[in-house]
Ligand SMILES: Nc1ncnc2c1ncn2[C@@H]1O[C@H](COP(=O)(O)OP(=O)(O)OP(=O)(O)O)[C@@H](O)[C@H]1O
Ligand SMILES: [Mg+2]
């Protein structure tokens with residue numbers, strides 16, 4: 369699966385075009401949201417951070433699918449924020465402009481509400497990373513993250529934040545305390561156990577509320593009962 373997909377006519381399409389709320393993957397994302405709801409402590413708003421131990425484990429894809437599932441299935445007013453200012457991709461996945469996002473909010477006093485970009489889904493909006501900045505470590509200060517999240521909580525029920533990996537850079541650990549729930553994406557069969565343990569310890573040391581691990585890259589690693597063909601039929605309505 370990839371975010372930007374080339375069609376036969378070589379036209380670039382957005383991740384929204386490959387999102388299918390009825391797919392088996394979507395069922396897993398619904399399961400995650402349901403579990404998150406169960407772990408919710410008071411209040412209706414939920415601010416969820418998606419991170420990983422190292423690079424390219426699937427954080428941005430997971431954040432995007434989780435946000436689309438939240439908006440379409442839970443019918444929850446959802447905001448997806450790209451707080452990975454070093455390797456931002458949310459704008460690419462959704463085919464929107466990168467500029468006019470987090471950097472401009474922090475550096476140019478752009479009002480967060482004005483920076484919000486719509487998607488094809490009524491209930492899902494985006495805050496992109498914004499223009500490239502040289503001083504990223506200064507931008508990701510906890511006070512900046514806090515201010516943006518607090519303001520956005522006024523407008524959205526669910527806020528999902530994509531972030532940099534924990535081991536190579538400090539960014540995520542600096543602001544991790546701000547989140548109600550942290551989900552760690554692990555690329556199955558690739559990321560070593562010791563590396564994942566290190567990430568878990570770093571989160572614990574910085575008061576990150578780790579509530580779960582999302583195993584990505586599970587093709588051919590799942591038990592037989594996850595195979596849709598095992599039952600000999602597609603679990604769909606038989607009505608025409
Ligand atoms: N389950 C999957 N199946 C196939 N490809 C995947 C899957 N998950 C992610 N990818 C691909 O792997 C690459 C990395 O995914 P993604 O950008 O989501 O990771 P990331 O953790 O956000 O990376 P970074 O650390 O650079 O921010 C992308 O090209 C994405 O399309
Ligand atoms: Mg990413």
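Residue numbers (my numbering): 369 to 608.
Where a beta carbon is used, it is the ideal one built from N, C-alpha and C, also for glycine.
Near residue i, which residues of its chain fall below 6 Å by C-beta distance, leaving aside the five closest residues on each side in sequence?
i: residue 371; result: Only weak support is given to the placement of residue 371: the predicted model assigns it a pLDDT of 44, under 50, and the value that follows is read from those uncertain coordinates. Correct list, in chain order: 383 and 461.
i: residue 519; result: 480
i: residue 456; result: 450 and 497
i: residue 433; result: 397
i: residue 512; result: 474
What did DSSP end up calling residue i once you bin it into helix, strand or coil?
i: residue 386; result: coil
i: residue 510; result: helix
i: residue 406; result: helix
i: residue 584; result: strand
i: residue 456; result: coil
i: residue 564; result: helix
i: residue 381; result: strand
i: residue 465; result: coil
i: residue 395; result: helix
i: residue 572; result: helix
i: residue 522; result: coil
i: residue 535; result: coil
i: residue 425; result: coil
For residue i, which residues from the same chain have a beta carbon less than 7 Å from its beta carbon, with the 5 sequence-adjacent residues on both sides left out?
i: residue 486; result: 493
i: residue 483; result: 468, 469, 472, 473 and 495
i: residue 524; result: 445, 446 and 447
i: residue 443; result: 491
i: residue 408; result: 414
i: residue 388; result: 394
Looking only at C-alpha atoms, which of the options sits nearest to residue i?
i: residue 428; options: 445, 533, 562 and 564; result: 533
i: residue 567; options: 468, 549 and 535; result: 535
i: residue 558; options: 587, 465, 541 and 574; result: 587
i: residue 504; options: 517, 537, 446 and 389; result: 537
i: residue 574; options: 499, 411, 425 and 546; result: 546
i: residue 425; options: 552, 437, 415 and 392; result: 552
i: residue 413; options: 522, 554, 387 and 550; result: 522
i: residue 464; options: 499, 440 and 477; result: 499
i: residue 390; options: 436, 510 and 563; result: 436
i: residue 410; options: 502, 549 and 514; result: 549
Starting from residue i, follow its DSSP beta bridges and name the residues at the other end.
i: residue 420; result: 553
i: residue 517; result: Per DSSP, none; premise fails for residue 517.
i: residue 449; result: 495 and 529
i: residue 485; result: 494
i: residue 415; result: 527
i: residue 578; result: 550
Whose C-beta lies closer than 8 Å to the C-beta of residue i among residues of the same chain, with five residues either side of it excluded?
i: residue 488; result: 382 and 384
i: residue 508; result: 451, 453, 539, 542 and 543
i: residue 431; result: 418, 448, 458, 528, 529 and 530
Could you check whether the Cβ of residue i sits closer than 8 Å to any Cβ belonging to chain D?
i: residue 581; result: The structure shown contains no chain D; it holds only a single protein chain.
>> Across the segment 566–584 and the segment 397–404, are there enough close Cβ pairs to call them in contact, namely three or more that are closer than 8 Å?
In response: Contact between the segment 566–584 and the segment 397–404 is present: 3 or more CB-CB pairs across the two stretches fall below 8 Å.
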